[in-house]
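Asks:
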Amino acid sequence: MGGTIRLFKFSGIQVYLHFTWFLAAAYFLTQRANPYSSPIWAAYEYLALFAIVLVHEFGHALACRQTGGTANQIVLWPLGGIAFVNPPRRPGAMLWSIAAGPLVNVVLVPVLWAIAMSLPDPDTVGPAFLDWYLLIQNIWWINLLLLIFNLLPVYPLDGGQILRALLWFPLGEIRSLQIASVVGLIGGGALALLALLRLSFWLGLLAAFILSQAFTGWRYAKALVKEEEANRQARLVPTVPQSERDS
Ligand SMILES: [Zn+2]
759 MGGTIRLFKF SGIQVYLHFT WFLAAAYFLT QRANPYSSPI WAAYEYLALF AIVLVHEFGH
819 ALACRQTGGT ANQIVLWPLG GIAFVNPPRR PGAMLWSIAA GPLVNVVLVP VLWAIAMSLP
879 DPDTVGPAFL DWYLLIQNIW WINLLLLIFN LLPVYPLDGG QILRALLWFP LGEIRSLQIA
939 SVVGLIGGGA LALLALLRLS FWLGLLAAFI LSQAFTGWRY AKALVKEEEA NRQARLVPTV
999 PQSERDS
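In the working numbering, the protein residues as written are 759 to 1005.
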């Protein structure tokens, strides 16, 4: 947890904020063309983005605990959040722990829409309400885009992990991880190419993160193959008959 600040603890889950978040916030607030009447609204928007990320991560953590797994930490950093979830080694437990995150965003779609609809029409109440209106509208879009992005089937994004859990049912723990991590490597490579074409630092950072995590997944699958092999060997060791051992 180097370079992090403890924010708060909720239901036994400690939330940390990585210091790079402040760098990203400063970058975001200076770069974004401000559609609001005052820069403070862009700051609210950025805070709302992280509030959405936070409840998404709590979705993962609480679902993981429901399955009997452990989840005690959430770290917020510029690329979003990471809930350190460790569900039991079962496909169903894995599926629920991962799917619960995007499900939070699914629930937020109509909730944010209802909030936006409950606001008075800016044409009738005057420009004082315009910032509120714009903020809620932008938050609705941010939530939807986060949902769509997270559901890309590119491991380790949620969509990729859902794909892995679904493949686990018919193909087993190892094969499912092998396939998902290869898809992750291909997706990460495509994103890296896009980052190069668009000369985007953030896309590049995201691509590097996806590639490194997909590679870790691939290596973990390899380690699982070895573990299985060792278990098979252990079972194959012939047991010496009782009579021979006595002599
Ligand atoms: Zn997630």
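In this text, a Cβ means the ideal position worked out from N, Cα and C, and glycines have one as well. These figures come from a predicted structure and were not determined experimentally.
Is N844 near ligand 1, with its Cβ less than 7 angstroms from a heavy atom?
Replies: Flag unset: Cβ of N844 not near ligand 1.
Asks: Just verifying my parser: in three-state terms, what is the DSSP assignment at G913?
Replies: Checking the sequence shown, residue 913 turns out to be Tyr, not Gly. If DSSP states are grouped into helix, strand and coil, Y913 belongs with coil.
Asks: Please say whether I810 and L866 have beta carbons closer to each other than 8 angstroms?
Replies: Going by C-beta atoms, L866 is nearer than 8 angstroms to I810.
Asks: Taking the alpha carbon of A841 as the reference point, which residue from P849, G859, G850, A851 has its own alpha carbon closest?
Replies: The shortest Cα separation from A841 among P849, G859, G850, A851 belongs to G859.
Asks: Can Q936 and A979 be called in contact, C-beta distance under 8 angstroms?
Replies: Cβ atoms of Q936 and A979: closer than 8 angstroms.
Asks: Classify N792 as helix, strand or coil using the three-state DSSP reduction.
Replies: Residue state, collapsed to three classes: coil.
Asks: In whole angstroms, what is the alpha-carbon distance linking I968 and A938?
Replies: For I968 and A938, the distance between alpha carbons rounds to 12 angstroms.
Asks: Quick check on the burial criterion: 16 or more other C-beta atoms within 10 angstroms. Buried or exposed for M759?
Replies: Label assigned to M759: exposed.
Asks: Whose C-alpha, out of Y913, L834, A783, Y794, is nearest the C-alpha of V813?
Replies: Per the Cα distances, L834.
Asks: Please list the segments of the beta strand (DSSP E) lying wholly inside the region 817-896, counting only runs of 3 or more residues, in order along the chain.
Replies: List check, beta strand (DSSP E) in window: 828-835, 838-844.
Asks: What are the boundary residues of the alpha helix (DSSP H) that includes L964?
Replies: Start and end: 959-994.
Asks: Considering F768, what are the terminal residues of the beta strand (DSSP E) in which it resides?
Replies: First-last of the beta strand (DSSP E) with F768: 762-768.
Asks: How would you call S1005, buried or exposed, if buried means at least 16 neighbouring beta carbons within 10 angstroms?
Replies: Unreliable placement is indicated for S1005, whose pLDDT of 46 sits below 50; no coordinate value is reported for it.
Asks: So G770 and N830 are supposed to be a Cβ contact under 8 angstroms. How far apart are they, rounded?
Replies: G770 to N830, Cβ: 7 angstroms. Contact.
Asks: Comparing alpha-carbon positions, which option in P849, I906, E987, G947 lies nearest F927?
Replies: When each option's Cα is compared against that of F927, the closest is P849.
Asks: Near ligand 1, which residues have their beta-carbon less than 5 angstroms from any of its heavy atoms, given in chain order?
Replies: Any residue whose Cβ sits closer than 5 angstroms to a heavy atom of ligand 1 makes the list: G859, D916.
Asks: Buried or exposed, going by whether 16 or more other CB atoms sit within 10 Å of the CB of I763?
Replies: Classification of I763: exposed, given that the 10 Å Cβ count is below 16.
Asks: Quick check: A953 and L961, are their CB atoms within less than 8 angstroms of each other?
Replies: In this structure, L961 lies closer than 8 angstroms to A953 by Cβ.
Asks: In angstroms with no decimal places, state the Cα-to-Cα distance between L877 and V862.
Replies: Straight-line Cα distance between these residues: approximately 23 angstroms.
Asks: Report the option in P914, F808, E803 whose CA atom is closest to the CA atom of W779.
Replies: Residue F808 is the option with its Cα nearest to W779.
Asks: What whole-angstrom Cβ distance do V983 and V941 have, given they're in contact under 8 angstroms?
Replies: Their Cβ separation, rounded to whole angstroms, is 18 angstroms, which puts V983 and V941 out of contact at 8 angstroms.
Asks: Cα-Cα, which of P797, F816, R977, I856 is closest to A922?
Replies: According to the sequence shown, residue 922 is Arg rather than Ala. Checking every option, the nearest Cα to that of R922 belongs to I856.
Asks: Measure the CB-CB distance between Y802 and F786 and report whether it falls below 8 angstroms.
Replies: Not closer than 8 angstroms, so no.
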